[in-house]
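**Q**
Residue numbers (our numbering): 512 to 604.
(1) What residue does the alpha helix (DSSP H) around residue 556 start on, and which one ends it?
(2) Could you compute how far the alpha carbon of residue 525 sits from the alpha carbon of residue 553?
(3) Where DSSP assigns a beta bridge to residue 545, which residues make up the other side?
(4) For the stretch 584-598 and the stretch 546-561, state whether three or more C-beta atom pairs, one from each stretch, are separated by less than 8 Å.
(5) Suppose the cutoff is 6 Å on Cβ atoms and the five residues either side in sequence are ignored; what does the same chain contact list for residue 579 look like?
(6) By Cβ distance, which residues of its chain are closer than 8 Å to residue 545, with the 5 residues on each side in sequence left out?
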């Protein structure tokens, strides 16, 4: 296993009211003119972690020619708030 490497990212948390992930190409239809955005209350860990429920999801055109369209209503049962450090690890294995 000499080729296996691991990295650990340590970041200070920002106290956030909302967190979001923005896909610059809509992953549902691969439309490069459309964005897909997911929003949660609190820190982004509620969004990217393995927490049950859905984020508020919507699509919008990049040029503003169409109004945003809601795709999913929020149902996340957790809102992570506070400050401190977050540790993320990943490997190439």
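Glycine included, each C-beta is placed from N, C-alpha and C at the ideal position.
A quick note: this is a predicted structure, and the numbers were derived from the prediction, not measured.
**A** Per the coordinate set shown:
(1) Boundaries of the alpha helix (DSSP H) harbouring residue 556: 556-559, taken from the DSSP string.
(2) 10 Å
(3) 572
(4) Touching, yes, given that three or more Cβ pairs across the two stretches are closer than 8 Å.
(5) 569 and 571
(6) So the qualifying residues of the chain are 536, 537, 570, 571, 572 and 573.
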